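Residue numbers (full-length UniProt numbering): 1 to 241. No residue lacks a Cβ here, since even glycine has one placed at the ideal position from N, Cα and C. These numbers come from a predicted model, not from an experiment.
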Amino acid sequence: MKNVLAIALILVTSAVCQAQEEAVVVGLIGDSTVAVQSGWGPAFAERFDRRAKILNYAKNGATLQSLSKKLDDLVRLKPDYVLIQFGHNDQKRYDTTVYSDHLRSYVQRIRKSGGKAVIVSSVTRRSFGADGKIVSNLIKNEKYSFQGTLTDYANAAEAVAGELNLPFIDLHRSSIAHHNKIGRQQSMAYNFKEGDTTHFNQKGAEAITDLILDELKTEVPELATFLKVAGPQTNESNQPL
């Protein structure tokens, strides 16, 4: 009898430990500003404890349209949450109406799989005007008749989130405010390589992750419970202490 109880206890303990080790699955899908090579995705993943599994399906050069099949691959894995951040390349391909339609399709498929979508507006490009403040430039593609700023696509993302009653992380707004605060010189220290004011090195990815997590704690508090107790500490200029 004792042996039976001991075996049962081992099995229960093993099941509990396994559940604790992977209690939540979070998918990331987006463009190169999220992707493994030059985005905030890896730094974001490092902030979660061992109970969370982060699946990064972002890809360089991606739009909502071009990564649609990749989303299907992701939702087959039944993630509990999926953070969606596009805009940088969509801005060059189609207008905000088409962008919004694709975004709604993503949300529908995530919901159908049992997951919860979290919309993230596009992180700003680190382009500064003569006044030393971030500017959201028009991107004109000669193949298409429309023009729009990245802010237009961020506003469209917010509208879809409101329409569908979804958590919304306004990374566009918060990243603009962050770069305006620290200034051009310190912002250039985030560049993935010299002259690249779109993508991130490790320092830049950590800074952007800080901005995301600040809002995640309010917008998706249940997911924030899987964060490590303490992340990298920084001062007001985002320099490591």
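Using the Cβ count rule (16 or more neighbours within 10 Å means buried), how would you classify residue 216?
By 1-based counting over the sequence shown, the position of residue 216 is 216. With 16 or more other Cβ atoms within 10 Å, it is buried.
Name the DSSP bridge partner or partners of residue 54?
Against the sequence shown, residue 54 aligns to sequence position 54. BP columns for residue 54 point to 26.
Three-pair Cβ contact test at 8 Å for the region 49-59 versus the region 196-210:
Touching, no, given that fewer than three Cβ pairs across the two stretches are closer than 8 Å.
Name the two residues that bound the continuous alpha helix (DSSP H) containing residue 213.
Walking along the sequence shown from the start, residue 213 turns up at place 213. That run of the alpha helix (DSSP H) goes 202-219.
For residue 208 and residue 123, which I take to be in contact (beta-carbon distance under 8 Å), what is that distance rounded to the nearest angstrom?
Your numbering for residue 208 matches position 208 in the sequence shown. Your numbering for residue 123 matches position 123 in the sequence shown. Indeed they touch by this definition, with Cβ atoms about 6 Å apart.
Can you tell me the Cα-Cα spacing of residue 24 and residue 154, whole angstroms?
Within the sequence shown, the letter at position 24 stands for residue 24. Within the sequence shown, the letter at position 154 stands for residue 154. Rounded to whole angstroms, the gap between the alpha carbons of residue 24 and residue 154 is 28 Å.
If you draw a straight line from the alpha carbon of residue 104 to that of residue 167, how long is it in whole angstroms?
Position 104 of the sequence shown, counted from the start, is the residue given in the question as residue 104. Position 167 of the sequence shown, counted from the start, is the residue given in the question as residue 167. Separation of residue 104 and residue 167 (C-alpha to C-alpha, rounded to the nearest whole angstrom) is 14 Å.
Quick one: is residue 91 buried, meaning 16 or more other Cβ sit within 10 Å of its Cβ, or exposed?
The residue you call residue 91 lines up with position 91 of the sequence shown. The residue in question, residue 91, is buried, as its Cβ has 16 or more Cβ neighbours within 10 Å.
DSSP-derived helix/strand/coil call for residue 63
For the purposes of this step, residue 63 is taken as the residue at position 63 of the sequence shown. Coil, per DSSP.
Counting only the same chain and skipping the five closest in sequence on each side, list residues whose C-beta sits under 8 Å from that of residue 129.
Position 129 of the sequence shown holds residue 129. The beta carbon of residue 129 sits closer than 8 Å to those of 135, all from its chain and outside the five residues before and after it, given in chain order.
Going by the beta-carbon positions, is the gap between residue 85 and residue 120 smaller than 7 Å?
Residue 85 sits at position 85 when you count from the first residue of the sequence shown. Residue 120 sits at position 120 when you count from the first residue of the sequence shown. Result yes, Cβ atoms of residue 85 and residue 120 sit closer than 7 Å.
By how many angstroms is the C-alpha of residue 63 removed from the C-alpha of residue 89?
Within the sequence shown, numbered from 1, the residue matching residue 89 stands at position 89. Within the sequence shown, numbered from 1, the residue matching residue 63 stands at position 63. Going from the Cα of residue 89 to the Cα of residue 63 covers about 6 Å.
Does DSSP put residue 83 in a helix, in a strand, or in coil?
For the purposes of this step, residue 83 is taken as the residue at position 83 of the sequence shown. Three-state DSSP puts residue 83 in a strand.
Alpha helix (DSSP H) containing residue 119: first to last residue?
Walking along the sequence shown from the start, residue 119 turns up at place 119. Per DSSP, residue 119 lies in no alpha helix (DSSP H) segment; the continuous beta strand (DSSP E) that holds it begins and ends at 116-120.
Are there 16 or more other CB atoms within 10 angstroms of the CB of residue 242, so buried, or fewer, so exposed?
Because the chain spans 1 through 241 in this model, residue 242 falls outside it and cannot be assessed.
What residues in its chain sit with their C-beta under 7 Å from that of residue 152, if we drop five residues either side in the sequence?
As a working note, residue 152 is residue 152 in the sequence shown. Counting only Cβ-Cβ distances below 7 Å, and skipping sequence neighbours, we find 96.
Tell me, please, which residues DSSP counts as bridged to residue 33.
Here residue 33 refers to the residue found at position 33 of the sequence shown. As DSSP reads the structure, residue 33 sits in no beta bridge.
Is there contact here, the region 157-171 with the region 106-120, by at least three beta-carbon pairs under 8 Å?
Proximity of the region 157-171 to the region 106-120 meets the contact definition, three or more beta-carbon pairs being nearer than 8 Å.
Pull up the distance between the alpha-carbon of residue 68 and that of residue 107, whole angstroms please.
As a first step, residue 68 must be located in the sequence shown, where it is residue number 68. As a first step, residue 107 must be located in the sequence shown, where it is residue number 107. Between the alpha carbons of residue 68 and residue 107 lies a distance of about 11 Å.
Are the beta-carbon atoms of residue 193 and residue 47 separated by less than 7 Å?
Locating residue 193 in the sequence shown gives position 193, where the first residue counts as 1. Locating residue 47 in the sequence shown gives position 47, where the first residue counts as 1. No, the Cβ-Cβ distance between residue 193 and residue 47 is not below 7 Å.
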